[in-house]
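**Student:** Following this message is one structure expressed as structure tokens.
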Amino acid sequence: MDLSELERDNTGRCRLSSPVPTACRDEPCVLGVDEAGRGPVLGPMVYAICYCPVSRLADLEALKVADSKTLSENERERLFAKMEEDQDFVGWVLDVLSPNLISTSMLGRVKYNLNSLSHDTAAGLIQYALDQGVNVTQVFVDTVGMPETYQARLQQRFPGIQVTVKAKADALYPVVSAASICAKVARDRAVKTWRFVESLQDVDADYGSGYPNDPKTKAWLRKHVEPVFGFPQFVRFSWSTAQTILEKEAEGVTWEDSAAEDGAQPRKITTYFLNRGSQARPQALHWYFQERGLEMATSL
Amino acid sequence: APQHVFLLPEYLKDASEKMKGGLMFVKLANPCSGEGAIYLFNMNLQQLFEIKVFKEKYHSWFINQSVQSGGLLHFATPMDPLFLLLHYLIKAGKEGKYQPLDQVVVDDVFPNCILLLKLPDLEKLLHHVTEEKEINNKKYYRYSREKTLRWLEKKVNQTVVSLKANNVIVGARVQSATFFSGDQASSDKEEDYVRYAHGLISDYIPKELSDELSTY
Amino acid sequence: LLPCEVLVSRPAPVERFFTPAI
């Protein structure tokens, strides 16, 4: 797994893919979808798909890709290495979503929430496998949000494929568990090798699990909050944990639309016509200057 | 300390380096309203600049390794000091008598007005707006309404030329200041230009003189 | 020039956190 593209630019998203085993083009395949890092307030979220011919599911199971949640980090690394070795029947694709992409999607003017981002990413990966010529006949997806709507949406998008969306799919289907291992290995590596574009001086790598309720993670966030810029882009600004710290520790900033959002009490229309003796602005200049937003400087 | 961002003519840069206090920001009476406004003196070249500020909400500056709230952008524009002197001459003119300049240009609210007396070719300037007398080698001045209106008429005409040269929209029609179609100049009547120029000059003279100029 | 008002003026690690772009 070559994460160098992510190391070059970890502010967007990047897609990594194994070669497509020939068998996966010829034979009907089953594909599993899962993600890693959905909950943490730090680091990327990784979506992964893993696929293999239906005829080789037993071999996949033999790899002991049991429920990935029971595996340790080293076991996952070892298993992933084995999957990389067994190139002849297992393929995978990853989509690494940077914390910056997550934050800017969720905090954009047009909100793009995490569930939508997740669903679109999963669908994008399935489409990517199809575009690579993988002969996908069945898809198993670990659910995000309501299974029924998610399943209906995916089924509608991929009518020729049998789609199953289920909670705890990684414990039920080996191919989903394999995808989960790929996602977790990728996320662990991305977090471990994270390059802080902010060239932080004393960044300590010990940020715990990254989950909001982890005291180490909270301590790390408090230590690295910057009053004007908030946090390094390693942090998901859209997480309430991050926002709470910003509200306490960071400086206030007002944006044009935020003023509207704050529901600045709308001025009564009459106030625009009454002579605003009290609020007299500095002497109104000729139209030439007003048009250009220029006023006399009355103080420095 | 607060940091300010200025747009200045390039040659002023070395003025501030060449001489400590080469550039001085002072508060003087704005000749139209009489209220305080900031002006800039370049002590080297004895030149006066008015300071205008672009002020729009929701802005800040990053200046090197700091953030400056407000995001104001100040402009320094060369200004004819006679407008500021005129403010004092008109005030003194009401007594109708000839007076030495250093008794006219005094202001306990804006004491820095005496810097105006240091400007070069002051006498040449005053010639445009005053009658003068010389007694025992000392010059005495009295505000002259006629000469001032003639001088202001020249200012208006120069401004008309500049408005045309800079494609400034002067028409009464409502349209964006930045869009102009090729045949703009022809469609705006001469009258529009003169009125617009009078309006601009009126930002620099007292209201009653503006009315007199308009009639004139 | 930023399209927002930071409500204070203070030192800030601009070059580490901010990549200017027009």
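Chains as they are written, first to last, in this note's numbering: chain A, 1 to 300; chain B, 1001 to 1216; chain C, 2001 to 2022.
C-beta: ideal position from N, C-alpha, C; glycine also.
Select from A:Ser177, A:Ala284, A:Tyr207 and A:Lys218 the residue whose C-alpha is nearest the C-alpha of Tyr47 (chain A).
**Tutor:** A:Ser177
**Student:** So, are the CB atoms of Val20 (chain A) and Gly91 (chain A) less than 9 Å apart?
**Tutor:** Between Val20 (chain A) and Gly91 (chain A), the CB-CB gap stays under 9 Å.
**Student:** Verify whether the separation of the beta carbon atoms of Ala36 (chain A) and Arg187 (chain A) is less than 9 Å.
**Tutor:** yes
**Student:** Spatial neighbours of Gln1210 (chain B) within its chain, please: C-beta separation below 6 Å, excluding the five flanking residues on both sides.
**Tutor:** Reading the sequence as shown, one finds Ser at residue 1210 (chain B) and not Gln. For Ser1210 (chain B), where only same-chain residues beyond five positions count, the Cβ hits under 6 Å are Ser1202.
**Student:** Roughly how far, in whole angstroms, is the beta-carbon of Ser18 (chain A) from the beta-carbon of Lys184 (chain A), given that I think they are within contact range, below 8 Å?
**Tutor:** That pair is no contact at about 16 Å.
**Student:** Assign Lys166 (chain A) to one of three DSSP states: helix, strand, or coil.
**Tutor:** The three-state reading of DSSP puts Lys166 (chain A) in strand, counting E and B together.
**Student:** Take Ala284 (chain A) and list the residues in its own chain whose beta-carbon comes closer than 8 Å to its own, dropping the five residues that flank it on each side.
**Tutor:** Gln290
**Student:** Closer than 8 Å by C-beta to Ala62 (chain A): which residues in its own chain qualify, once you throw out the five before and the five after it? Chain order, please.
**Tutor:** none
**Student:** Mark Val1161 (chain B) as exposed unless 16 or more other C-beta atoms lie within 10 angstroms of its C-beta, in which case mark it buried.
**Tutor:** By the 10 Å Cβ count, Val1161 (chain B) comes out exposed.
**Student:** Which residues share a DSSP beta bridge with Ala1037 (chain B)?
**Tutor:** Paired residues: B:Leu1028.
**Student:** Is it buried or exposed for Gln279 (chain A), if we count other Cβ within 10 angstroms and need 16 for buried?
**Tutor:** Summary for Gln279 (chain A): the model assigns pLDDT 45, below 50, so the residue's position carries little reliability, and this model does not support an answer.
**Student:** May I ask you to report which of helix, strand or coil DSSP gives Gln151 (chain A)?
**Tutor:** Gln151 (chain A): helix per DSSP, three-state reduction.
**Student:** Quick one: what's got a C-beta closer than 6 Å to Gln162 (chain A)'s C-beta in the same chain, skipping five residues either side?
**Tutor:** Setting aside the 5 residues that flank it on each side, Gln162 (chain A) is surrounded in the same chain by Gln138, each with a C-beta closer than 6 Å to its C-beta; the list follows chain order.
**Student:** Is Ala2021 (chain C) close to chain B, meaning its C-beta is less than 9 Å from at least one C-beta of that chain?
**Tutor:** So, not an interface residue.
**Student:** Please list the residues of the region 1064-1077 of chain B that have a C-beta atom closer than 9 Å to any C-beta atom in chain C, keeping them in chain order.
**Tutor:** Asn1064, Gln1065, Ser1066, Val1067, Gln1068, Ser1069, Gly1070, Gly1071 and Leu1073
**Student:** Report the rounded CA-to-CA distance for Leu57 (chain A) versus Leu172 (chain A), giving the unit in angstroms.
**Tutor:** 13 Å
**Student:** When you compare only the Cα positions, how much space is there between Leu1040 (chain B) and Gly252 (chain A)?
**Tutor:** 33 Å
**Student:** In this structure, does DSSP put Ala179 (chain A) in helix, strand or coil?
**Tutor:** helix
**Student:** Checking the sheet assignment: what are the DSSP bridge partners for Gly91 (chain A)?
**Tutor:** A:Tyr51
**Student:** Given this structure, state the Cα-to-Cα distance separating Pro1120 (chain B) from Glu1010 (chain B), to the nearest angstrom.
**Tutor:** 21 Å
**Student:** Would you decide whether Glu198 (chain A) is buried or exposed? Buried here means 16 or more other CB atoms lie within 10 Å of its CB.
**Tutor:** buried
**Student:** Could you tell me the boundaries of the alpha helix (DSSP H) in which Asp120 (chain A) lies?
**Tutor:** Leu114 to Asp131
**Student:** In chain C, which residues lie less than 9 Å from Phe1006 (chain B) when you measure between Cβ atoms?
**Tutor:** Within chain C, no residue comes near Phe1006 (chain B); the closest Cβ sits about 13 Å away, beyond 9 Å.
**Student:** Tell me the DSSP secondary structure of Asp34 (chain A) in three-state form.
**Tutor:** strand
**Student:** Where does Met1 (chain A) sit, in a helix, a strand or coil, going by DSSP?
**Tutor:** coil
**Student:** So, does the CB of Glu249 (chain A) fall closer than 9 Å to a CB anywhere in chain B?
**Tutor:** no
**Student:** Using a C-beta cutoff of 9 Å, does Phe237 (chain A) count as contacting chain B?
**Tutor:** no
**Student:** Going along chain C in order, which residues have a C-beta closer than 8 Å to the C-beta of Thr254 (chain A)?
**Tutor:** Cys2004, Glu2005 and Leu2007
**Student:** Is it the case that the Cβ atoms of Arg15 (chain A) and Leu114 (chain A) are separated by a distance below 9 Å?
**Tutor:** It is not a contact, given that the beta carbons lie outside the stated cut-off.
**Student:** Would you please state the rounded distance, in angstroms, between the beta carbons of Leu1085 (chain B) and Val1105 (chain B)? I believe it to be under 8 Å.
**Tutor:** Here Leu1085 (chain B) really is in contact with Val1105 (chain B); their C-beta atoms are around 7 Å apart, less than 8 Å.
**Student:** Work out the CA separation of Glu1131 (chain B) and Gly1096 (chain B) for me, nearest whole Å.
**Tutor:** 11 Å
**Student:** Can you list the residues of chain B that Val302 (chain A) reaches, using a CB-CB cut of under 7 Å?
**Tutor:** Given that chain A is displayed from residue 1 to residue 300, the structure contains no residue 302 (chain A) and the question cannot be resolved.
**Student:** Could you check the C-alpha separation between Arg276 (chain A) and Phe1083 (chain B) for me, to the nearest Å?
**Tutor:** Bear in mind that the predicted position of Arg276 (chain A) carries a pLDDT of just 45, short of 50, making it too unreliable to give a figure here.
**Student:** Which chain C residues are close to Ser1060 (chain B), counting only those with a beta carbon under 7 Å from its beta carbon?
**Tutor:** Leu2002, Cys2004, Glu2005 and Val2006
**Student:** Taking DSSP as the reference, what is the three-state secondary structure of Ile102 (chain A)?
**Tutor:** Ile102 (chain A): helix per DSSP, three-state reduction.
**Student:** DSSP beta-bridge partners for Trp255 (chain A)?
**Tutor:** C:Cys2004
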